[in-house]
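K.L.:
Sending over a structure as structure tokens; questions will come in a sec.
Numbering (our numbering), first residue to last: 650 to 731.
So this is what it looks like as structure tokens:
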């Protein structure tokens with residue numbers, strides 16, 4: 650019984666590793682823009698920003714911060730956007 654439990658635990662570990670690898674591969678396909686270096690993303694963001702004294706939540710750069718965690722981090726780390 651112990652040998653069978655060990656075998657099943659090993660199988661679970663292998664399947665979890667395979668799942669994680671497939672998820673990483675899937676994320677790269679579904680979200681290719683997230684594979685850009687943050688510096689490139691920040692440069693793209695800068696080209697989208699219209700000079701305003703009061704940022705609008707429906708326009709860049711505040712809009713970028715609402716897309717996903719990665720974009721929020723890039724926007725916050727880019728002083729030239731503000």
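All residues carry an ideal CB built from backbone N, CA and C; glycine is no exception.
Look up residue 717 in the DSSP assignment and say whether it is helix, strand or coil.
P.N.:
Here residue 717 sits in coil by DSSP.
K.L.:
Please specify which runs of the alpha helix (DSSP H), each continuous and at least 4 residues long, are wholly inside the segment 674-716, giving them in chain order.
P.N.:
Entirely contained in the segment 674-716, the alpha helix (DSSP H) runs reaching 4 residues are, in chain order, 687-697.
K.L.:
Take residue 677 and list the residues in its own chain whose beta-carbon comes closer than 7 Å to its own, dropping the five residues that flank it on each side.
P.N.:
So the qualifying residues of the chain are 684.
K.L.:
So, for residue 686: in the same chain, excluding its five sequence neighbours on each side, which residues have a beta-carbon less than 8 Å away from its beta-carbon?
P.N.:
Here the set comprises nothing.
K.L.:
Less than 6 Å between C-beta atoms, sequence neighbours within five positions excluded: which residues of the same chain meet that for residue 721?
P.N.:
Excluding residues within five positions, the ones whose Cβ falls inside 6 Å are 714.
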